[in-house]
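Written out below as structure tokens is the structure these notes cover.
Residue numbers (this note's numbering): 29 to 512.
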């Protein structure tokens with residue numbers, strides 16, 4: 029099947045073709061670390077984590093980078109109010125963000141660059157833009173000249189007059205320094221009390237947009253396969269990234285596929301700190317298990333908004349519990365099992381038809397612009413098929429095939445064995461399902477013994493024993509117990 033992705037640049041769903049397969053370069057804009065991460069940050073992180081995982085499931089080698097913006101106006105203001113340095117502020121909230129990502133099983137990026145660690149590269153990048161006529165210095169600041177870059181605006185498709193009107197709102201900060209109202213700052217001259225770095229234009233700090241252009245180019249090259257972020261970053265941030273990067277390299281496109289996730293909303297309004305309608309990840313984790321939150325975030329396709337509500341989180345919790353119980357049963361059958369975070373695709377050629385169809389449905393959903401609601405439907409179809417096969421007394425090979433399919437889907441969605449084991453715990457339903465599963469194998473063993481297939485019966489007993497399940501025969505039948 030062919031993976032097709034909605035590309036914000038073309039406003040169309042396109043077949044995904046990386047520049048140098050099987051290598052895929054992928055960059056996602058990370059947080060500005062001036063406060064605790066909230067559910068909106070989790071939505072973006074989980075969305076791009078699933079995209080990354082599914083690309084890996086399909087056999088791609090994904091080189092993923094996600095940055096930290098650790099210097100900007102918000103950080104300077106917050107650090108000043110708290111009486112600490114910007115560096116201390118960043119250290120605190122980067123640690124909080126990474127703890128939240130670990131709880132949600134968001135894989136660490138290959139690269140996690142920080143803006144303040146790349147200042148010399150930013151200065152060199154800006155100097156190159158000045159030399160090439162795409163930027164100019166004024167009163168210690170440097171601005172990108174939008175009129176010098178003719179394709180400006182093709183990502184957001186905003187009318188140039190609207191862009192100019194937005195730019196005029198910056199007049200309070202930049203005065204009359206800008207040659208065109210659409211121009212934007214690459215380097216900001218130091219204001220009293222602000223952290224600053226030496227540059228050819230005097231002490232100052234980088235503008236927000238230049239940071240991602242420099243770090244993505246440095247780590248992933250002048251043309252990257254996928255660049256992502258929230259829908260609110262399309263303009264001006266990603267529009268400006270394109271202008272800076274293509275003006276610097278002389279190559280287009282800077283990025284082949286632009287992917288943007290929808291917002292988490294509260295009463296249909298975007299969850300944000302500026303609106304004071306946000307819930308931190310830590311707050312939500314006090315009420316719900318982390319896998320349930322991940323399940324909630326996957327319940328809407330990544331481009332669509334998802335409304336934060338107790339009802340949806342409660343439903344996600346129920347769905348997570350079903351998955352947990354099915355996984356516990358699969359672990360009993362297959363053992364500790366699949367190593368690592370990536371589960372290799374199961375060969376559909378060796379699966380029973382019903383299970384092969386379920387796996388095809390999962391892959392078709394994910395190949396359709398990462399449609400996680402449909403993918404979750406396939407996951408629950410797999411759980412249903414496993415339960416039905418158990419009730420029908422299907423042989424062990426069919427049961428194992430079902431559990432392999434289950435765990436392949438779970439792994440691709442970020443519920444891999446290592447993560448599931450962190451949250452595995454006994455429940456009445458888990459115990460009931462495990463007992464049903466073992467009783468199924470006991471009945472299989474009894475059938476083999478009655479047929480005088482003692483070797484096969486002993487194999488079933490020994491397989492269960494290797495999984496920590498001991499069978500005890502008596503005149504009243506066969507009982508079982510867990511052993512260390």
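Glycine included, each C-beta is placed from N, C-alpha and C at the ideal position.
**OP:** Flag this pair as touching only if the region 243-253 and the region 205-219 have three or more C-beta atom pairs under 8 Å; answer yes or no.
**Re:** no
**OP:** With DSSP collapsed to three states, give me the class of residue 463.
**Re:** helix
Original post:
Among 183, 184, 226 and 173, which has the Cα closest to the Cα of residue 206?
Top reply: 173
Subject >> Proximity test, residue 502 beta-carbon vs the ligand NAP heavy atom, cut-off 6 Å >> reply: Inclusion of the ligand NAP in the displayed structure is not the case, the ligand content being empty and no account of it being possible.
Original post:
Going by the CB atoms, is the gap between residue 51 and residue 43 shorter than 7 Å?
Top reply: no
Subject >> Closest residue to residue 305 among 283, 290, 275 and 337 (Cα-Cα distance) >> reply: 337
Subject >> CB of residue 196 within 7 Å of CB of residue 209, strictly >> reply: yes
Original post:
Taking DSSP as the reference, what is the three-state secondary structure of residue 33?
Top reply: strand
Original post:
Where does residue 114 land, buried or exposed, given buried means 16+ other C-beta within 10 angstroms?
Top reply: buried
**OP:** Note down the Cα distance separating residue 30 from residue 394, rounded to an integer number of angstroms.
**Re:** 10 Å
**OP:** Rank 482, 466 and 153 by C-alpha distance to the C-alpha of residue 493 and give the top, closest one.
**Re:** 466
Original post:
From what residue to what residue does the alpha helix (DSSP H) around residue 236 run?
Top reply: 236-248
**OP:** Output the distance between the C-alpha atoms of residue 482 and residue 308, rounded to the nearest integer angstrom.
**Re:** 59 Å
Subject >> Cβ neighbours of residue 294 in the same chain (closer than 6 Å, five flanking residues each side left out) >> reply: 305 and 336
**OP:** Please classify residue 299: does DSSP put it in a helix, a strand, or coil?
**Re:** coil
Original post:
Looking only at its own chain, which residues have a Cβ that is under 8 Å from the Cβ of residue 378, when we skip the five neighbours before and after it?
Top reply: 429
Original post:
Alpha carbon to alpha carbon, how far is residue 128 from residue 424?
Top reply: 39 Å
Subject >> Neighbour-count burial assignment, residue 464, 16 or more Cβ in a 10 Å radius >> reply: exposed
Subject >> Assigned secondary structure, residue 501 (DSSP; H/G/I helix, E/B strand, else coil) >> reply: strand
Subject >> N- and C-terminal bounds of the alpha helix (DSSP H) containing residue 320 >> reply: 318-326
Subject >> Rounded separation between residue 158 and residue 139 - CA only >> reply: 28 Å
Original post:
For residue 366, which residues of its own chain have a beta-carbon under 8 Å away from its beta-carbon, when the five flanking residues on both sides are left out?
Top reply: Residue placement at residue 366 is flagged as unreliable, the pLDDT there being 43, under the threshold of 50; the coordinate-derived value follows with that caveat. The residues are 435, 439, 444 and 445.
Subject >> Start-to-end residues for the alpha helix (DSSP H) that takes in residue 491 >> reply: 482-494
Subject >> Of the residues 169, 449 and 500, the one placed nearest residue 474, counting alpha carbons only >> reply: 500
Original post:
What is the residue span of the beta strand (DSSP E) that residue 90 lies within?
Top reply: 89-94
Subject >> In DSSP terms, what residue 122 is bridged to >> reply: Answer is none; residue 122 lacks a bridge partner.
Original post:
Does the beta-carbon of residue 38 have 16 or more other beta-carbons within 10 angstroms, so that it is buried, or is it exposed?
Top reply: exposed
**OP:** Kindly give me the distance between the Cβ atoms of residue 413 and residue 389, rounded to whole angstroms, as I take these residues to be in contact under 8 Å.
**Re:** Rounded, the Cβ-Cβ distance is 11 Å, inconsistent with contact.
Subject >> 8 Å contact criterion, which residue 268 and residue 202 should meet: CB distance rounded >> reply: So it is not a contact: roughly 15 Å between Cβ atoms.
Original post:
Does DSSP classify residue 507 as helix, strand or coil?
Top reply: strand
Subject >> C-beta contact flag for residue 36 and residue 286 at 7 Å >> reply: yes
Original post:
Comparing alpha-carbon positions, which option in 215, 131, 137 and 106 lies nearest residue 171?
Top reply: 215
**OP:** Hey, could you find the ends of the beta strand (DSSP E) residue 284 is sitting in?
**Re:** 283-289
Original post:
Straight-line CA distance for residue 188 to residue 245?
Top reply: 27 Å
**OP:** Work out the CA separation of residue 330 and residue 130 for me, nearest whole Å.
**Re:** 20 Å
Original post:
Assuming residue 400 and residue 341 make a contact with CB atoms under 8 Å, what is their CB distance in whole Å?
Top reply: Rounded, the Cβ-Cβ distance is 16 Å, inconsistent with contact.
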